[in-house]
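Novice: Chains as they are written, first to last, in my numbering: chain A, 1 to 335; chain B, 336 to 670; chain C, 671 to 1005; chain D, 1006 to 1340.
Glycine is no exception: its CB is placed at the ideal position from the N, C-alpha and C atoms.
4 protein chains.
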Amino acid sequence: MHRAMQFLSDNAASVHPRVWDAMRAADAPQPPYDSDALSQRLDAAFSDLFGRPCAVLWVATGTAANCLALATLVPPHSGVICHREAHIETDEGGAPGFYTHGAKLILIDGDGAKIDTAGIDAAIGAIRKDVHQVQPQAVSVTQASEYGRCYRPDEMAAVAETARRHGLKLHVDGARFANAVAHLGCDPWLACQGATVLSFGCVKNGGMSAEALVFFDEGLADLARVRRKRAGHLQSKGRFLAAQILAMVEDGLWLENARAANAAAQELAGAASERLLHPVEANEVFLRLSPNEREALRKQGFSFYDWGDDAARLVTAWNSDPTAVGALARAIATL
Amino acid sequence: MHRAMQFLSDNAASVHPRVWDAMRAADAPQPPYDSDALSQRLDAAFSDLFGRPCAVLWVATGTAANCLALATLVPPHSGVICHREAHIETDEGGAPGFYTHGAKLILIDGDGAKIDTAGIDAAIGAIRKDVHQVQPQAVSVTQASEYGRCYRPDEMAAVAETARRHGLKLHVDGARFANAVAHLGCDPWLACQGATVLSFGCVKNGGMSAEALVFFDEGLADLARVRRKRAGHLQSKGRFLAAQILAMVEDGLWLENARAANAAAQELAGAASERLLHPVEANEVFLRLSPNEREALRKQGFSFYDWGDDAARLVTAWNSDPTAVGALARAIATL
Amino acid sequence: MHRAMQFLSDNAASVHPRVWDAMRAADAPQPPYDSDALSQRLDAAFSDLFGRPCAVLWVATGTAANCLALATLVPPHSGVICHREAHIETDEGGAPGFYTHGAKLILIDGDGAKIDTAGIDAAIGAIRKDVHQVQPQAVSVTQASEYGRCYRPDEMAAVAETARRHGLKLHVDGARFANAVAHLGCDPWLACQGATVLSFGCVKNGGMSAEALVFFDEGLADLARVRRKRAGHLQSKGRFLAAQILAMVEDGLWLENARAANAAAQELAGAASERLLHPVEANEVFLRLSPNEREALRKQGFSFYDWGDDAARLVTAWNSDPTAVGALARAIATL
Amino acid sequence: MHRAMQFLSDNAASVHPRVWDAMRAADAPQPPYDSDALSQRLDAAFSDLFGRPCAVLWVATGTAANCLALATLVPPHSGVICHREAHIETDEGGAPGFYTHGAKLILIDGDGAKIDTAGIDAAIGAIRKDVHQVQPQAVSVTQASEYGRCYRPDEMAAVAETARRHGLKLHVDGARFANAVAHLGCDPWLACQGATVLSFGCVKNGGMSAEALVFFDEGLADLARVRRKRAGHLQSKGRFLAAQILAMVEDGLWLENARAANAAAQELAGAASERLLHPVEANEVFLRLSPNEREALRKQGFSFYDWGDDAARLVTAWNSDPTAVGALARAIATL
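1) Under 8 Å by Cβ, that's how I've got residue 1336(D) and residue 1302(D) pegged, so tell me the actual separation to the nearest angstrom.
2) Using a Cβ cut-off of 9 Å, pull out every chain D residue sitting near residue 904(C), in sequence order please.
3) May I ask you to report which of helix, strand or coil DSSP gives residue 150(A)?
4) If you reduce the DSSP assignment to three classes, tell me which class residue 615(B) lands in.
5) Listing by chain order, which chain A residues have their CB less than 8 Å from the CB of residue 1234(D)?
6) Residues in its own chain within less than 6 Å of residue 336(B) by CB, not counting five upstream and five downstream?
7) Would you check if the region 2 to 19 of chain A and the region 305 to 319 of chain A touch, i.e. whether three or more CB-CB distances between them fall below 8 Å?
8) Report all residues from its chain with a CB closer than 6 Å to the CB of residue 1205(D); omit the five preceding and five following residues, and keep chain order.
9) Can you tell me whether residue 534(B) is helix, strand or coil according to DSSP?
10) Out of 1327(D), 1289(D) and 1333(D), which one is the CA nearest neighbour of residue 1306(D)?
11) So, does the CB of residue 639(B) fall closer than 8 Å to a CB anywhere in chain D?
12) Starting from residue 414(B) and walking both ways along the beta strand (DSSP E), at which residues does that stretch end?
13) Which residues in the same chain have their Cβ closer than 7 Å to the Cβ of residue 1343(D), if we skip the five residues on either side of it in sequence?
14) Distance check for residue 1145(D) and residue 1124(D), CA to CA, integer angstroms please.
15) Taking residue 447(B) as the reference, which of 613(B), 521(B), 437(B) and 388(B) has the closest Cα?
16) Since I believe residue 768(C) is in contact with residue 1235(D) (beta carbons under 8 Å), could you give me their beta-carbon distance rounded to a whole number of angstroms?
17) 8 Å is my cut-off, CB to CB: does residue 13(A) come that close to chain B?
18) Whole-angstrom Cβ separation of residue 79(A) and residue 137(A), contact assumed at under 8 Å?
19) Using the three-state DSSP reduction, which class does residue 166(A) fall into: helix, strand or coil?
20) So residue 481(B) packs on residue 427(B), CB below 8 Å; how close in whole Å?
21) Would you check if the distance between the CB atom of residue 1054(D) and the CB atom of residue 1193(D) is smaller than 8 Å?
22) State the Cα-Cα distance for the pair residue 430(B) and residue 1105(D), rounded to the nearest angstrom.
23) So residue 310(A) packs on residue 288(A), CB below 8 Å; how close in whole Å?
24) How many whole angstroms separate the CB atoms of residue 208(A) and residue 15(A), which I take to be in contact at a CB cut-off of 8 Å?
25) So residue 501(B) contacts chain D; which residues on that side make the cut at Cβ distance below 9 Å?
26) Let me know if residue 292(A) comes out buried or exposed under the rule of 16 or more other beta-carbons within 10 Å of its beta-carbon.
27) Under a three-way DSSP split, which group does residue 441(B) fall into?
28) Is residue 706(C) buried or exposed, if buried means 16 or more other CB atoms sit within 10 Å of its CB?
29) Can you confirm whether residue 1231(D), when its beta carbon is compared against all beta carbons of chain C, has any partner nearer than 8 Å?
30) Determine the closest residue to residue 52(A) out of 197(A), 131(A) and 319(A), with distance taken between C-alpha atoms.
31) How far does the beta strand (DSSP E) with residue 312(A) in it extend, from its first residue to its last?
32) Report yes if the CB atom of residue 282(A) is closer than 8 Å to the CB atom of residue 191(A), and no otherwise.
33) Round the Cβ separation of residue 1245(D) and residue 1031(D) to the nearest angstrom and send it over; I've been treating them as touching at under 8 Å.
34) Counting only beta-carbon atoms, is residue 1037(D) nearer than 8 Å to chain A?
35) Within 8 Å (strictly less), CB to CB, does residue 1141(D) reach chain A?
36) Can you check the region 897 to 947 of chain C for any alpha helix (DSSP H) of at least 4 residues that lies completely inside it and give the ranges in chain order?
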């Protein structure tokens, strides 16, 4: 596969050189698991980033981050309200059911794969308060959403307030949180305000194999540590995961990379504004493209996923080649 | 921590340069998950190594490897026979219970944390064949054992035959399989013969974050792939795990590293033969050492774990420093 | 509560005298669990009823019957296709997630809470065949459905054939199977043809505390027996459950009771044909009734559940009092 | 089987006439599940019995009672300390693993299948306080034990205090609690003092299909109610279970029956004092009996279980026939 022409996903992009450097620097011997000096720096790094106390664990994948978070928030007999197209529902192979021991995802709709106050209220209103129906104990939102849509600070605040009002915890799946913050241009906390726990993604943004699970309710982190071990996710050379995460957040690389990916997506969007299925806010571009049009683009060497019968999904990454992006933009414009 | 004087564990040692090189070479873009060219090479590499068809998955930790293996072998309502001091029983934070959905570890005794035919037969003989008692469906052995003891080929064959006779699958926890094979000097298959699945360790042997789960019953591997995703262990940049494993096995690095670690352990053992709690076969040395003696060694800069009140565990690694090993050997000899 | 005016549910009705008699007759000492003579007769009784070999277990509740069935049919990482309003989805408190260890209910729509071939095909067509999406391994249908609708023999055959074509097992939730067969007037097997396992309800039909789990794939029954014990559902005096079931099926009491309940429902339906939300086939009557109309009926002493804002659900039972049924029918007709 | 000669178990004995009467009286219609008037009386009945506030649930089996209790007390990643021969470990088909989602039974020894302070302290002392080892959060004791031994009030107090000191909850498996209290002659609370929850057995003591789960920490009962439904144990005609329990406890039938069973056991014990493996305190008698001696007794028509190669277990029940008991006592005495 020729990297330059690849718009399939950001999830297999190359690792950023500064991440590599940090990993190499971590090779010196350290205590195992998460007692090394790098792992010990995570809490402070994220407390700085978010301007409030955080307790942070590394894990290897977004699925593990999300599902450990959910398992920490809710007991097996309860439910989690999320969008019908949330990643935890559609693309995690049933991992939420595994980690939570069978808790139920309570699915609601919403434009752009985002949920809102009315949707949450309606879902809860439809549930009888008895032992025959599963009672939700958390809400999970995705920032940016499966369609690359971002919750604005006021939207996030409204969701958080609604969750709080119903006595529910709030999980934010931030596999592309960097892209959301880069788009919103706001303080990172405002993009996830009210969250009990945030899955802070790195792998899609220039990392190799580390995501950060950020607990704003620090008391829950110890429980997550126990469950991380129980899930086989406590790596003995955890310093290499901590190194990746610190490289991303301590010097702003996470936003730098996200801005580059977002800019490439904007360039593609600008060339195809009348084809957009969703406004482009992060690094995903959903375009109406007929089978013939997709075929034409592929013949020119571009790769991407079909999205149903008449559309395609293009994903840019931190290292999307400007020449290729420009070429694809022109190719779309001239279809 | 000064690496040279560290005999705490092999689990946090540095990553071997050839592993680093392989990882860097894997940075070029590839399809995600395990559809990259490196991951696709694993089956062949291990089929060569073991002289028979294998289906191989990478996972990040030994706990995940072991517990995915067990969950693939046995249903939730069944049991797994293992030694009372097996890692899956004592040090995996209940992960077997999590992965298998509550299957029972049926614990038996045996010298050196090894089990044998008589032990398996006795355990099975004590279980009524009814629904009130949990019925075993697998046996798990550790090669090398928690005390660094190895199953000789004839011992492994006897265990495998006993398992087969009772209709049980066989799992081999090979977190230190390399050390066992280096000690036994036999064909690798003979060291795990009869296994349904082998957890083939790399992390303790110069790897960073990859273990290989080797299915000799290839039909089970697809089930393990589904469960790996469900456990959040399917990394999108899996090529970096495959690269580590291939670096270990394709050119014999796994045995080279294990021989170095074993040799260092032998040097320590030779200096303390009258203190040994267990014969030294792999890279772990269990020594009778009084609190005062341990204190004396620590004052000289050596680090290691206490083993109960009157003993210590010393673990060597692929990169144990010869000078430090020699110094420690002399220090013990002159206590 | 005055029984005669009660149309809330059939699930708390009195126990039929012949069931009581059978239980008293079972009081003589017998071996425990399901090794008593009555439990041993279940297989033959249902093999007679269905004209094919069956293996049958008693359990205490419909939820346990359904969920033991599902857990026997599918592994934890898989899914079960069912209607969005199926009892297993809406009213079993998450028990399917508990029993199956987190398998996913894949929800589809369909008129009258019934599903059909097109719905199953569409659901399966929408699932990518990869490890990221949960793959179904069974279909569950309810006969009669949550809205008292019955699958005709040809409809059941079509569902079964569709399941078979996709390699899926078929579960039939027959909490009101008797009412369905009474309505259809067909051979019992035709009302569940192609099922792998049937939850055969007794409690709503004059029983006290026993449902029959009927395996047409007899090889699965032993697995269900192990799981029944593991779920704490193996009663030591199981003869009293077997007695209830035999009293229902050996002399046709199950159909006799169901016909009585269905006839009462028909009488109500006949008095309110223009108000019916669903055709009345079994013993449930869903009527458009305004809040004022419901209030008026309740003032006359009738009890029933609201069904949303503008409707009510009336359920008849084996012992619905003809006088009360007639009175209610007239009261509705004269609203 | 001729009841009179049966000493196999108390678990399949006939149902006491007063229990039958109470069930018949409960046949009048009532609201479903546990909202009927009888179920609503349980809390008060047990609060009277124990002289302190209780919240009480019925369930159908002792296994369900024990395992619901454990699942309410401890999270999946934790452990429960119990005797190596406790029923939850040896005879519940892995139900504790199912209900608790894989929590670990941490097994300790103790004379007569009883545990004590030293055993609990030693078990906890051996567990490292890290995420690699499973941490206990509860203790479970059996009153009377698997060998029919009773915890005296001071022994129970010591166990409870030890549990409290370590921050552990306390579960008492009282499948034969009545027999224990009948033997001890103490206030019922003293026989389970300090318990968080008690499984109060009825089935072995003249009941049919109901055990009481008694929460002394009332706040936990609501959680148990949710889990009871999720486990398929919420019967719609729950009034028949409540009726059984009330018949046992409201007029002292539970102690009356237990005293009868205990007296029969004492008569057997008195005839064989030199053969006793354990002091006889409740209704189980473990006797050294050679194969020939057992054969001789069986030829006279007595039935009982072998207990290993050279012993037998005789269990008396509330309705053990005095003539048969006397005959068996004489037969043993004259062996």
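Specialist: Straight from the coordinates:
1) As a position in the fourth sequence, residue 1336(D) is number 331, starting the count at 1. As a position in the fourth sequence, residue 1302(D) is number 297, starting the count at 1. Residue 1336(D) to residue 1302(D), Cβ: 6 Å. Contact.
2) Reading the third sequence from its first residue, position 234 is the one you call residue 904(C). The contacting residues are 1066, 1068 and 1098.
3) Translated into positions along the first sequence, residue 150(A) becomes position 150. Looking at residue 150(A) - three-state DSSP - the assignment turns out to be coil, as it is neither helix nor strand.
4) By one-based count along the second sequence, residue 615(B) stands at place 280. In the structure shown, residue 615(B) sits in coil (DSSP, three-state: anything other than H, G, I, E or B).
5) Taking the first residue of the fourth sequence as position 1, residue 1234(D) is located at position 229. The answer, in chain order, is 131 and 132.
6) In the second sequence, the residue the question calls residue 336(B) occupies position 1. In this prediction, residue 336(B) has a pLDDT of 45, which is less than 50 and means its spatial position is unreliable; what the coordinates show is noted afterwards. Cβ neighbours of residue 336(B) beyond the five flanking positions: none.
7) yes
8) For the purposes of this step, residue 1205(D) is taken as residue 200 along the fourth sequence, with counting starting at 1. Cβ neighbours of residue 1205(D) beyond the five flanking positions: 1179, 1182, 1217 and 1219.
9) Here residue 534(B) refers to the residue found at position 199 when the second sequence is read from its first residue. Residue state, collapsed to three classes: strand.
10) Working through the fourth sequence from its first residue, we reach residue 1306(D) at position 301. Comparing Cα positions, the closest option is 1333(D).
11) To locate residue 639(B), count along the second sequence from 1; it is residue 304. It does not: the Cβ of residue 639(B) has no partner Cβ on chain D nearer than 8 Å.
12) The residue labelled residue 414(B) in the question sits at position 79 within the second sequence. Per DSSP, the unbroken beta strand (DSSP E) holding residue 414(B) starts and ends at 413 to 418.
13) Here chain D comprises residues numbered 1006 to 1340, so residue 1343(D) is not present and cannot be evaluated.
14) As a working note, residue 1124(D) is residue 119 in the fourth sequence. As a working note, residue 1145(D) is residue 140 in the fourth sequence. Cα to Cα, the separation comes out at about 13 Å.
15) Numbered from its first residue, the second sequence carries residue 447(B) at position 112. Nearest option by C-alpha distance: 613(B).
16) What you label residue 1235(D) is simply residue 230 of the fourth sequence in a count that begins at 1. What you label residue 768(C) is simply residue 98 of the third sequence in a count that begins at 1. Right, the Cβ-Cβ distance comes to about 5 Å (below 8 Å), so this counts as a contact.
17) Your numbering for residue 13(A) matches position 13 in the first sequence. Closer than 8 Å to some Cβ of chain B, the Cβ of residue 13(A) qualifies, so yes.
18) The sequence position of residue 79(A) within the first sequence is 79, counting from 1. The sequence position of residue 137(A) within the first sequence is 137, counting from 1. Sure, about 7 Å apart at Cβ, within 8 Å.
19) In the first sequence, counting from the first residue as 1, residue 166(A) sits at position 166. The three-state reading of DSSP puts residue 166(A) in coil, since its state is none of H, G, I, E or B.
20) Here the question's residue 481(B) lines up with position 146 in the second sequence. Here the question's residue 427(B) lines up with position 92 in the second sequence. About 12 Å separates the two Cβ atoms, so there is no contact after all.
21) Here the question's residue 1054(D) lines up with position 49 in the fourth sequence. Here the question's residue 1193(D) lines up with position 188 in the fourth sequence. In this structure, residue 1193(D) lies closer than 8 Å to residue 1054(D) by Cβ.
22) Here residue 430(B) refers to the residue found at position 95 when the second sequence is read from its first residue. Here residue 1105(D) refers to the residue found at position 100 when the fourth sequence is read from its first residue. Answer to the nearest angstrom: the Cα atoms are 14 Å apart.
23) Here residue 310(A) refers to the residue found at position 310 when the first sequence is read from its first residue. Here residue 288(A) refers to the residue found at position 288 when the first sequence is read from its first residue. Sure, about 6 Å apart at Cβ, within 8 Å.
24) As a first step, residue 208(A) is located in the first sequence; it is residue number 208 there, counting from the start. As a first step, residue 15(A) is located in the first sequence; it is residue number 15 there, counting from the start. Residue 208(A) to residue 15(A), Cβ: 5 Å. Contact.
25) Locating residue 501(B) in the second sequence gives position 166, counting from the first residue. None at all; the shortest Cβ gap to chain D is about 18 Å.
26) Along the first sequence, read from residue 1 onward, the residue named residue 292(A) stands at position 292. It counts as exposed.
27) What you label residue 441(B) is simply residue 106 of the second sequence in a count that begins at 1. For residue 441(B), the three-state secondary structure derived from DSSP is strand.
28) As a first step, residue 706(C) must be located in the third sequence, where it is residue number 36. Answer is buried; the Cβ neighbour count reaches 16.
29) Stepping through the fourth sequence from its first residue, residue 1231(D) is reached at position 226. Residue 1231(D) counts as touching chain C.
30) The residue given as residue 52(A) occupies position 52 in the first sequence. A check of alpha carbon separations from residue 52(A) across 197(A), 131(A) and 319(A) identifies 197(A) as the nearest.
31) Position 312 of the first sequence holds residue 312(A). Here the beta strand (DSSP E) through residue 312(A) covers 311 to 315.
32) Taking the first sequence and counting its residues from 1, the one referred to as residue 282(A) is at position 282. Taking the first sequence and counting its residues from 1, the one referred to as residue 191(A) is at position 191. No, the Cβ-Cβ distance between residue 282(A) and residue 191(A) is not below 8 Å.
33) Here residue 1245(D) refers to the residue found at position 240 of the fourth sequence. Here residue 1031(D) refers to the residue found at position 26 of the fourth sequence. The pair is a contact, with the Cβ atoms about 6 Å apart (cut-off 8 Å).
34) Along the fourth sequence, one-based indexing puts residue 1037(D) at 32. No, because no Cβ of chain A sits closer than 8 Å to the Cβ of residue 1037(D).
35) Here residue 1141(D) refers to the residue found at position 136 when the fourth sequence is read from its first residue. Not closer than 8 Å to any Cβ of chain A, the Cβ of residue 1141(D) fails to qualify, so no.
36) 909 to 919 and 923 to 940, all fully within the region 897 to 947 of chain C.
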